[in-house]
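Engineer: Just so you know, the sequences run in chain order A and B.
Taking full-length UniProt numbering, I'd label the letters of the first sequence as residues 1 to 342.
Taking full-length UniProt numbering, I'd label the letters of the second sequence as residues 1 to 189.
Once you've had a glance at the structure underneath, I'll fire off some questions.
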Amino acid sequence: MSTKQITPRNPANNPLAIIKKCQELNRPVFIAGPMVRYSKLPFRSLVREYNTDIVYSPMILAREFVRNDIARLSDFTTNHSDSPLIVQVGVNNVTDLLRFVEMIHPYVDGIGINCGCPIKEQCREGIGAALMSEPDLVSSMVYAVKQKYGSKVTIETKIRIHKDLNETLAFVKKVENAGVDFITVHGRTRHTRSSQPANFDAIKLVKENVSVPVIANGDCFTLQDAYDIAKYTNCDGIMAVRGLLNNPTLFAGYPRATWGSIEKFWEYSTAYGLPYRLIQHHFSCMLDNQLNKKLYKEMMDCKNLIELLDWFDSNFHLKRSWEDGFGQSIDIQYRIERTIHI
Amino acid sequence: MCCQKSWPIDRTTYFQRFKTTMSQDIPKITPESTTQITQNISKLSIRQNNNEDDDQIDETLYNNDRTKKDDSEVVVTKGSGKVKVRKGQSEEEYSIQRDQYLTKGPTINTINWLEEIDITKLNPDIKSDRTSLESLTERLYFKRDYVKCLEVTEFALDFVKDQDQKRIKNEIDELIYLQKKCKEILKLT
């Protein structure tokens, strides 16, 4: 397949155009956030089928991407259906960012600077949440990209909040003034555990103090959550991450991952290729609390993809894409009626 | 990452609860503090006037990159306290990478890309080529095309026979397992 089919990008798929369209429809934009390892092409394709408006890639380290073709091959694969797509970048300096943007921008609809990843290894490199204490550096990076590309490149920053919200406000004002196109706010600090509720008041405060669109991130596990958070914060969009990993059909309003989505993920992951352990992890999340303990353990004990596929085929009706009803079932399609003891 | 998370059962009081919790930790935003912030950043407000000439923007305000602009050398402090220098990349080195990528573009994975690979052109020394071949065998098994799957699996086993067997033991074990499964099924069918 030629790269001509993925570039130039369709202006209607620019994130700002999507945000505007959703504003006209009087609903928040539904966004699948970046997940290290898990936001690969098969998962991106899956969530697009379930009412997700914009999808992020996993964080790609700019430093590796601009230096190493193996890293590029490993980190980023795409296709003509992979749009609207924002590629999230882990970066700690202007030069790497400008080079990264130059190389990747023809193939994506937006670039997101990761200022929220709390992983220690990244923070020690000055990447991710480490940037929350570097508002001037982040502003410089945003400014450099906008100076070079203007409206040709849409740039976003995904941030966490500070313990002192004054710092958060100062941060977002700076990056807004530097030219950022929109801001995603995760309503937790770098050190807040995910078991603690996200602070939607802080997100609301950010929304009230900037004029660029703001996306709310944190604690979105159902479609109703998305509407509730949007209403409370007045944000332009809602980003789900863990919620979508467990239920990729979330934005389509299903309370849990449908059986059809399981079938579709099998189709995408075997067609595009995905390491076995990642596939197994996706299914473990999607089927968590849906299978009884015995079945769940059997699934987790499978040692390779063929074993896992045989296990699915022996326990369930797993339709393939050429079979009638593929991807349509809501409930788990057991081969034998079971009493469910979760 | 994978933990199942749900909202508290009492959704009606959820927003009130986190407001109460968080307000204990976070300083209140007062009109005075917001005004102070606005004053502090007013000098950066280059976008407030859309008619402002770009030439008048004080670029020094955005020159906060602490790296060497030309080669992206970065100094980082490891957890142990050791200071490490992350090497830069010269313009020449970068140009090679850029030109290579912009010529070939990213890897495009369509629904049929694995089945369109010319497997005779793959290189067993390249891990991504071996991975593509293994993914193809899995795709064929998933599609229940066991005859073709067995054929490609046996090709793959032959393909890697000169590789360091210890280093790629997992890859070989999976191919042998796949070969066995295909043979079992084909005997039955």
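Cβ coordinates follow ideal geometry from the N, Cα and C atoms, glycine included.
Since the structure is predicted, the reported quantities are computational estimates derived from the model, not experimental observations.
1) Helix, strand or coil for Leu44(B), going by three-state DSSP, please let me know.
2) Which residues does DSSP list as the beta-bridge partners of Lys84(B)?
3) For Trp259(A) and Asn209(A), I'd like the C-alpha separation in whole angstroms.
4) Whose C-alpha, out of Pro28(A), Val138(A), Asp228(A), Tyr254(A), is nearest the C-alpha of Ile92(A)?
5) Quick one: is Thr154(A) near chain B, going by C-beta distance under 8 angstroms?
6) Mapping DSSP to helix, strand and coil, what is Asp25(B)?
7) Using CA coordinates, which residue listed in Asn199(A), Tyr107(A), Ala216(A) is at the minimum distance from Thr184(A)?
8) Answer with yes or no whether the minimum CB distance from Tyr272(A) to chain B is below 8 angstroms.
9) Can you pull the chain B residues whose beta carbon is under 8 angstroms from the beta carbon of Lys120(A), in chain order?
10) Lys303(A) to Trp311(A), Cα distance in whole Å?
11) Classify Gly150(A): buried if its beta carbon has 16 or more other beta carbons within 10 angstroms, exposed otherwise.
12) Closest Cβ-Cβ distance between Ile6(A) and chain B: below 8 angstroms?
13) Give me the subset of the region 95 to 123 of chain B whose CB atoms are less than 8 angstroms from a CB atom of chain A, sorted by chain position.
14) Taking the CB atoms as reference points, tell me whether Leu114(B) and Leu150(B) lie closer together than 8 angstroms.
15) For Gly126(A), count the other beta carbons within 10 Å of its own beta carbon; 16 or more makes it buried, fewer makes it exposed. Which is it?
16) Using 8 angstroms as the threshold, is the region 44 to 53 of chain A in touch with the region 112 to 131 of chain A, meaning 3 or more CB pairs across them?
17) What residues in its chain sit with their C-beta under 8 angstroms from that of Thr189(A), if we drop five residues either side in the sequence?
18) The ligand ZN heavy atoms versus the CB of Pro42(A): any closer than 7 angstroms?
19) With contact counted as at least three CB pairs below 8 angstroms, one residue from each stretch, are the region 198 to 207 of chain A and the region 257 to 274 of chain A in contact?
20) In whole angstroms, give me the CA-to-CA distance for Leu287(A) and Arg256(A).
21) Below 7 angstroms on C-beta distance, what does Leu178(B) contact in chain A?
22) Threshold first: 3 residues or longer. Then list the beta strand (DSSP E) segments lying entirely within the region 159 to 223 of chain A, N to C.
23) Quick one: complete alpha helix (DSSP H) runs, 4+ long, within the region 290 to 341 of chain A?
24) Should the region 169 to 177 of chain A be regarded as contacting the region 186 to 203 of chain A, the criterion being three or more beta carbon pairs within less than 8 angstroms?
Structural biologist: According to the structure shown:
1) Within the second sequence, residue 44(B) is the residue found at index 44, counting from 1. Residue confidence is low: Leu44(B) scores 43 on pLDDT, short of 50, so the model does not pin down where it sits. No coordinate-derived value is stated.
2) Looking up residue 84(B) in the second sequence gives position 84. Partner(s): Val76(B).
3) Working through the first sequence from its first residue, we reach residue 259(A) at position 259. Working through the first sequence from its first residue, we reach residue 209(A) at position 209. Distance between the alpha carbons of Trp259(A) and Asn209(A) is about 43 angstroms.
4) Here residue 92(A) refers to the residue found at position 92 when the first sequence is read from its first residue. Note that residue 92(A) corresponds to Asn in the displayed sequence, not to Ile. The alpha carbon of Asn92(A) has as its nearest neighbour, out of Pro28(A), Val138(A), Asp228(A), Tyr254(A), the alpha carbon of Val138(A).
5) Position 154 of the first sequence, counted from the start, is the residue given in the question as residue 154(A). Answer no: the Cβ-Cβ gap between Thr154(A) and chain B never drops below 8 angstroms.
6) Working through the second sequence from its first residue, we reach residue 25(B) at position 25. Residue confidence is low: Asp25(B) scores 49 on pLDDT, short of 50, so the model does not pin down where it sits. No coordinate-derived value is stated.
7) Taking the first sequence and counting its residues from 1, one reaches residue 184(A) at position 184. The shortest Cα separation from Thr184(A) among Asn199(A), Tyr107(A), Ala216(A) belongs to Ala216(A).
8) For the purposes of this step, residue 272(A) is identified with residue 272 of the first sequence, where counting begins at 1. True, the Cβ-Cβ gap to chain B drops below 8 angstroms.
9) Position 120 of the first sequence holds residue 120(A). When 8 angstroms is used as the limit between beta carbons, Lys120(A) is near these residues of chain B: Gly79, in chain order.
10) Counting from one through the first sequence, the residue named residue 303(A) turns up at place 303. Counting from one through the first sequence, the residue named residue 311(A) turns up at place 311. When only Cα atoms are considered, Lys303(A) and Trp311(A) end up about 11 angstroms apart.
11) The residue labelled residue 150(A) in the question sits at position 150 within the first sequence. Only exposed fits Gly150(A), as fewer than 16 other CB atoms lie within 10 angstroms of its CB.
12) Within the first sequence, residue 6(A) is the residue found at index 6, counting from 1. It does: the Cβ of Ile6(A) has a partner Cβ on chain B nearer than 8 angstroms.
13) Answer set for the region 95 to 123 of chain B: Gln97, Arg98, Gln100, Tyr101, Leu102, Lys104, Gly105, Pro106, Thr107, Ile108, Asn109, Thr110, Ile111, Asn112, Trp113, Leu114.
14) The residue given as residue 114(B) occupies position 114 in the second sequence. The residue given as residue 150(B) occupies position 150 in the second sequence. No; because the gap between Cβ atoms is not below 8 angstroms, this pair is not in contact.
15) Taking the first sequence and counting its residues from 1, one reaches residue 126(A) at position 126. The residue in question, Gly126(A), is buried, as its Cβ has 16 or more Cβ neighbours within 10 Å.
16) No contact exists between the region 44 to 53 of chain A and the region 112 to 131 of chain A.
17) Here residue 189(A) refers to the residue found at position 189 when the first sequence is read from its first residue. Answer for Thr189(A): Arg160, Ile161, His162, Lys163, listed in chain order.
18) Here there are no bound small molecules, and the ligand ZN is not part of this structure.
19) The region 198 to 207 of chain A makes no contact with the region 257 to 274 of chain A; the number of CB pairs closer than 8 angstroms stays below 3.
20) As a position in the first sequence, residue 287(A) is number 287, starting the count at 1. As a position in the first sequence, residue 256(A) is number 256, starting the count at 1. If I take the Cα positions, the gap works out to 9 angstroms.
21) Stepping through the second sequence from its first residue, residue 178(B) is reached at position 178. What Leu178(B) touches in chain A: Ile306.
22) Listed in chain order, the complete beta strand (DSSP E) runs (minimum 3 residues) inside the region 159 to 223 of chain A are 182 to 186, 214 to 217.
23) Secondary structure remark: continuous alpha helix (DSSP H) runs of at least 4 residues inside the region 290 to 341 of chain A, in chain order: 293 to 301, 305 to 315.
24) Contact between the region 169 to 177 of chain A and the region 186 to 203 of chain A is absent: fewer than three C-beta pairs spanning the two stretches fall below 8 angstroms.
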